[in-house]
Amino acid sequence: MSEGGPRRRAGRQTEPTLNSDINDSEDRRGSDEEAEAKETRLTLMEEVLLLGLKDREGYTSFWNDSISSGLRGCILIELSLRGRIELEKCGPGRRKSLLSRRIVIRNDAQTGDVLLDEALKHMKETDPPETVQSWIEYLSGETWNPLKLRYQLKNVRERLAKNLVEKGVLTTEKQNFLLFDMTTHPLTDSITKTRLVKKVKIHFIYPTFSLALLLSLSLSLSLSLSLSLSLSLSLSLSLSLSLSLSLSPFINVLGFPVLPLPLFYLVYFFFFLSSVGLNGFIDTCL
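Residues 61 to 346 in my numbering are what the sequence shown lists, from first letter to last.
Here it is in structure tokens:
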């Protein structure tokens, strides 16, 4: 009897400790949610540009000729995510590649983003609707049709960089390159980029939907056009995640079975490393 009393009292004394631990964990969870709420909101185009930007120098690599088309692909994806555009429906028994399917306006209301609204305006004025591949070419200005050159979105990288400057992520500097001055945008808010890179790292194998798009685009922008996996196919793989309306593991989107997402990104990662090399990938992530 004498031993039972103290044991019960000891048990009662542990309850405040357990409750305090639970309260501490809830406080930490609440602080994390509050930090996420205060996190700088970036569009998909801004995130991809930020990933490709050299932190100290403030510009993208001169050897990366894929980022121009890639950012236009980001614009299409962003418009799709905001419910402004969609792909034309294919009839039963008909199968068309993603790049050959036409983009249809779903909602022509403005988004509040200048680049997105400009692209949406061009799509609204075009009749009949154009394909995904055509719009990437038109918005990039890489078309042989002189009547379509007016659809080109000019100074996209500079406009996105200015948006990041307004959001406090980048700053503006003038640097001298031999005989001319160049406007650069070095990184000032390293926390925002660190969070972005951390998200890509954590969700690499099991990505969420939005991060899957970001990861796929960041990889496709690093692929060389000389690889068997061309830029157009890279972009189509990215776009298929948002525009094909289906993420089922073995749905035929591009004429061959799509791998389950974890395996898909492992295969994608192989092509990425074969393009930039392991050292380049490590330098990008560090």
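Ideal Cβ positions, reconstructed from N, Cα and C, are used throughout, including at glycine.
In terms of DSSP beta bridges, what is residue i paired with?
i	result
residue 164	146
residue 203	In DSSP, residue 203 forms no bridge with anything.
residue 240	237
residue 209	Beta-bridge pairing links residue 209 to no other residue.
residue 248	For residue 248, which the question treats as bridged, DSSP gives no partner whatsoever.
residue 191	162
residue 256	The partner list for residue 256 (beta bridge, DSSP) is empty, contrary to what the question assumes.
Roughly how many angstroms separate the alpha carbons of residue i and residue j, rounded to a whole number?
i	j	result
residue 118	residue 172	26 Å
residue 234	residue 208	34 Å
residue 232	residue 223	11 Å
residue 168	residue 238	46 Å
residue 155	residue 261	35 Å
residue 110	residue 192	24 Å
residue 346	residue 114	The pLDDT assigned to residue 346 is 40, lower than 50, so where the model puts this residue is not dependable; a value taken from the coordinates is nonetheless given after this. Rounded to the nearest angstrom, the two C-alpha atoms are 12 Å apart.
residue 150	residue 188	16 Å
residue 229	residue 131	19 Å
residue 121	residue 112	8 Å
residue 254	residue 101	14 Å
residue 217	residue 204	23 Å
residue 258	residue 152	42 Å
residue 251	residue 177	29 Å
residue 320	residue 166	Because residue 320 carries a pLDDT of 42, less than 50, the predicted location of this residue cannot be relied on, and no value is offered for it.
residue 195	residue 186	10 Å
residue 128	residue 215	10 Å
residue 206	residue 197	12 Å
residue 184	residue 225	30 Å
Rounded C-beta distance between residue i and residue j? I'm assuming under 8 Å.
i	j	result
residue 409	residue 180	Outside the shown range of the chain (61 to 346) lies residue 409, about which nothing can therefore be said.
residue 164	residue 137	Contact doesn't hold; Cβ gap of about 15 Å is too wide.
Would you kindly report the start and end of the unbroken beta strand (DSSP E) that includes residue i?
i	result
residue 236	233-237
Keeping to the same chain, check which residues put their C-beta closer than 8 Å to that of residue i; ignore five residues upstream and five downstream.
i	result
residue 241	234 and 235
residue 116	246 and 247
residue 174	219
So the alpha helix (DSSP H) residue i belongs to, where does it begin and stop?
i	result
residue 182	174-185
residue 112	104-112
residue 141	127-141
residue 121	Residue 121 -> no alpha helix (DSSP H), and no H or E assigned at all.
residue 217	216-226
Excluding sequence positions up to five away, which residues of its chain have a Cβ less than 6 Å from the Cβ of residue i?
i	result
residue 201	212
residue 182	211
residue 244	118, 119, 233 and 235
residue 220	105, 106 and 109
residue 160	191
residue 249	228 and 229
residue 162	148, 189 and 191
Spatial neighbours of residue i within its chain, please: C-beta separation below 7 Å, excluding the five flanking residues on both sides.
i	result
residue 142	171
residue 199	132, 135, 179, 211, 212 and 213
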